[in-house]
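Each residue of the sequence shown is one higher than the last, beginning at 3 in this note's numbering.
Beta carbons: idealized from backbone N, C-alpha and C, even for Gly.
All of these numbers come straight from a predicted model, not from anything done at the bench.
See below for the structure under consideration.
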Amino acid sequence: MTLSGLYVDRLKMKIKLSFCFHILCTATLVGCSRSEIRTVKIADEVRKEVSQQYFGIKKSGFVPGKLKEEDFSEKRLKKYSLKTLNLLQDVSKKLTFYFPENLEYIGWQQNAFNEKVRRNDHTENNIEDMYWAYINIRMFDKAAGIREQFPAANYPAIPQAIVTSTESVAARWPVYDIFDDGQKIELKELHFETGPKIVVSISAGCPVAERAIKTILADPELAPVFKKYGTLLTVKFDVKGILRWREQFDFPSIYIAYKASRLPEFDFSSSPCFYFMKDGKVLLFIDGWGKKSLPKILKGLEAISILPVQHKPQ
3 MTLSGLYVDR LKMKIKLSFC FHILCTATLV GCSRSEIRTV KIADEVRKEV SQQYFGIKKS
63 GFVPGKLKEE DFSEKRLKKY SLKTLNLLQD VSKKLTFYFP ENLEYIGWQQ NAFNEKVRRN
123 DHTENNIEDM YWAYINIRMF DKAAGIREQF PAANYPAIPQ AIVTSTESVA ARWPVYDIFD
183 DGQKIELKEL HFETGPKIVV SISAGCPVAE RAIKTILADP ELAPVFKKYG TLLTVKFDVK
243 GILRWREQFD FPSIYIAYKA SRLPEFDFSS SPCFYFMKDG KVLLFIDGWG KKSLPKILKG
303 LEAISILPVQ HKPQ
């Protein structure tokens, strides 16, 4: 073979290799593009569903479509467009809001947030959303890490000291109590297992719940009963709000639930809800508050045998 012939053969080989490489890259890009298109379509459907009015009430039957953990993997997130990344960040944020104890959704939001930080595209809202996602699942160490990583962000106050123990975490009705003007919280066990109890699940700052408590405590006969047997619980980590209510109502028995799943008898998706218990069992449940609620409260007190004499039928 002549030198010129050898050169021609090598040139042909280079052209073939270049063509094959181009085809391979094109196929890979098409595959990535199709994967992203699929993810965007599903994520958009999920976002529409969780953005519906009253979704929080009907969320029990929710499944996140065909969204998978791999859609939020670090490898895939790095390849997504910024528009897709923002969509996934928004979807995961909404999911952790409605399902704060779901570790998978927390992981999705965490990965999307980390990718936005890597691209230097994160906002103060992104930081605060991630911070609250950790607070709501009681991952205080993770929340502290966010504060350390982004010290300039505006964070709501949380206690400097958070005290827990193996016994308190395993308790039947675990709640956080607040001390030292909000500088310290401690996980402890409430005891609903014996005797009559009135438990009210609330969202601190909820105007309807506030109106209900004001009405009850304004009644000279009902107020002593509620202060003796009553407990107000919220799953919202609002230390300042609870301290304000304690002072406003002169009612110290207001606590933060450890996790909603650990107090399954009580519904924290609505505020207020009244539970009339005896020996650890709910005998009567009242949801909400309105003009006709007070007679229902009296029935609840009667059901657990603590109805004031003045309110008993003659």
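Rounded straight-line distance, which links the Cα of residue j to that of residue i
{"i": "Thr125", "j": "Gln91", "result": "12 angstroms"}
{"i": "Pro209", "j": "Ile288", "result": "17 angstroms"}
{"i": "Phe276", "j": "Gly290", "result": "8 angstroms"}
{"i": "Asn127", "j": "Ala173", "result": "35 angstroms"}
{"i": "Lys95", "j": "Phe74", "result": "13 angstroms"}
{"i": "Gly197", "j": "Arg246", "result": "29 angstroms"}
{"i": "Ala155", "j": "Ile129", "result": "8 angstroms"}
{"i": "Phe99", "j": "Lys280", "result": "33 angstroms"}
{"i": "Thr30", "j": "Lys186", "result": "Residue confidence for Thr30 is low, a pLDDT of 40 falling below 50, so the modelled location carries little weight; the figure read from the coordinates is stated next. Going by the C-alpha atoms only, they are around 54 angstroms apart."}
{"i": "Ser273", "j": "Lys229", "result": "19 angstroms"}
{"i": "Gly58", "j": "Phe253", "result": "29 angstroms"}
{"i": "Gln55", "j": "Ile306", "result": "36 angstroms"}
{"i": "Phe251", "j": "Lys77", "result": "53 angstroms"}
{"i": "Asn217", "j": "Lys293", "result": "Checking the sequence, you will find Thr at residue 217 rather than Asn. Taking the straight line from one Cα to the other gives about 11 angstroms."}
{"i": "Glu249", "j": "Ala214", "result": "16 angstroms"}
{"i": "Glu71", "j": "Trp175", "result": "33 angstroms"}
{"i": "Arg264", "j": "Gln151", "result": "31 angstroms"}
{"i": "Ile44", "j": "Pro266", "result": "31 angstroms"}
{"i": "Phe278", "j": "Glu47", "result": "41 angstroms"}
Assumed close pair residue i, residue j - CB separation to whole angstroms, cut-off 8 angstroms
{"i": "Gly243", "j": "Ala206", "result": "4 angstroms"}
{"i": "Val237", "j": "Pro161", "result": "At roughly 17 angstroms, the Cβ-Cβ gap does not stay under 8 angstroms, so Val237 and Pro161 are not in contact."}
{"i": "Leu303", "j": "Val227", "result": "7 angstroms"}
{"i": "Pro310", "j": "Leu189", "result": "About 34 angstroms separates the two Cβ atoms, so there is no contact after all."}
Beta-carbon spacing of residue i, residue j below 8 angstroms
{"i": "Lys301", "j": "Leu285", "result": "no"}
{"i": "Leu89", "j": "Val42", "result": "yes"}
{"i": "Glu38", "j": "Lys261", "result": "no"}
{"i": "Ile308", "j": "Tyr231", "result": "yes"}
{"i": "Ile164", "j": "Ala135", "result": "no"}
{"i": "Gly282", "j": "Glu195", "result": "yes"}
{"i": "Ile258", "j": "Leu234", "result": "no"}
{"i": "Arg36", "j": "Val93", "result": "no"}
{"i": "Ile137", "j": "Phe239", "result": "yes"}
{"i": "Glu117", "j": "Lys80", "result": "yes"}
{"i": "Pro66", "j": "Leu97", "result": "yes"}
{"i": "Gln111", "j": "Met141", "result": "no"}
{"i": "Gly184", "j": "Ala159", "result": "yes"}
Cross-strand partners of residue i (DSSP beta bridge)
{"i": "Leu234", "result": "Val202 and Ile256"}
{"i": "Met279", "result": "Lys199 and Val284"}
{"i": "Lys186", "result": "Ala163 and Phe181"}
{"i": "Glu223", "result": "None; Glu223 has no bridge partner."}
{"i": "Pro176", "result": "Glu191"}
Q: Check whether the region 114-122 touches the region 84-98, taking contact to mean three or more Cβ pairs, one atom from each stretch, closer than 8 angstroms.
A: yes
Q. Should the region 154-171 be called in touch with the region 195-206, which here means at least 3 C-beta pairs below 8 angstroms?
A. no
Q: Determine contact between the region 175-182 and the region 141-155, defined as no fewer than three beta-carbon pairs at a distance below 8 angstroms.
A: no
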